[in-house]
Amino acid sequence: MLALLSLGIVQAVWADDVPDLQKTLQSARQGNAAAQFNLGLMYDKGQGGVRQDHAEAFKWYSQAAKQGFVLAQYNLGVMYDRGLGVRKDYAQAVKWYRQAAQQGFAQAQYNLGVMYYDGLGVRKDYSQAAKWMRQTAQQGNARAQYNLGVMYAEGQGVRQNLKVAKEWFGMACNNGNQSGCENYRRLQSGY
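Residue 3 is where the sequence shown starts when you use the numbering used here, and the numbers rise one by one after that.
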């Protein structure tokens, strides 16, 4: 069985502390996409001297995303996907996941694959799900590797191929996915 779960908001890793609110706000107002993203994250998490406010986070992520800032595009997708600070809208989630995915962002590729697999915001399309899962799996995403293994084992969106399924399960296992290990062993022993 394929267990597809969307991944959540991207967290910033700040070297010292959360960025200074006033400096970040000033840079964000001047159009700096990284500052807009950081300000969005501060509001999203309620850090840096601001209270948590998803609507305000959405506003700042939107500004950064429109400039092509991949982390903001991804986080907008998550906000639309989950209805954080905005009405839940799967079609908009797909739009923003796709923009980030096309820039090679693995988490967005994974979530876009989930949307295609489940038919959320797009017509259900296993071949598109497999395409995006493959792209993130090739970047080492163990969940995607496992999901591709299942898709190959069941012939969902790809030609059924147990040998290829076993390879993906093996990669998932090597990356710590226990379900991948179990399915690898099953295929190794002939099911």
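Beta carbons: idealized from backbone N, C-alpha and C, even for Gly. Keep in mind it's a predicted model, so treat the numbers as computed, not measured.
Spatial distance of residue i from residue j (CA atoms)
i	j	result
Ser29	Met173	43 Å
Lys90	Arg84	6 Å
Ala36	Met81	18 Å
Tyr63	Ser191	49 Å
Gly142	Leu86	28 Å
Ala74	Trp134	19 Å
Gln49	Tyr119	35 Å
Trp16	Arg53	Unreliable positioning characterises Trp16 in this predicted model, as indicated by a pLDDT of 47, which lies under 50. The coordinate reading is nonetheless provided below. If you take the alpha carbons of Trp16 and Arg53, they lie about 19 Å apart.
Gln24	Asn177	41 Å
Arg187	Gln130	28 Å
Thr138	Gly33	31 Å
Gly42	Leu164	44 Å
Closest residue to residue i among the options (Cα-Cα distance)
i	options	result
Phe39	Asp83, Leu78 and Ala108	Leu78
Gly115	Gly192, Leu150 and Lys165	Leu150
Arg31	Val96, Trp134, Ala66 and Tyr76	Ala66
Val96	Gly123, Gly142, Asp22 and Cys175	Gly123
Phe107	Lys47, Gln140, Asn34 and Gln24	Gln140
Asn185	Asn177, Phe171 and Asn176	Phe171
Cys175	Val72, Arg161, Leu43 and Ala146	Ala146
Ala59	Met44, Gln69, Asn34 and Tyr154	Met44
Lys47	Gly70, Phe71, Gly182 and Val20	Val20
Gly51	Gly70, Arg161 and Asp22	Asp22
Residue i and residue j closer than 9 Å at C-beta
i	j	result
Asn179	Tyr148	yes
Ala103	Ala110	yes
Cβ distance (whole Å) where residue i is taken to contact residue j below 8 Å
i	j	result
Ala132	Gly157	Not confirmed; about 10 Å, so no contact.
Tyr128	Met117	Contact doesn't hold; Cβ gap of about 12 Å is too wide.
Tyr154	Ala144	Wrong, their Cβ atoms sit about 16 Å apart, outside the cutoff.
- Message: Threshold first: 4 residues or longer. Then list the alpha helix (DSSP H) segments lying entirely within the segment 87-148, N to C.
- Response: When DSSP assignments are scanned along the segment 87-148, the uninterrupted stretches of alpha helix (DSSP H) that are 4 or more residues long and fall wholly within it turn out to be 92-104, 108-120 and 128-139.
- Contained alpha helix (DSSP H) runs [length at least 4] in the segment 26-50, N- to C-terminal order: Listed in chain order, they are 35-47.
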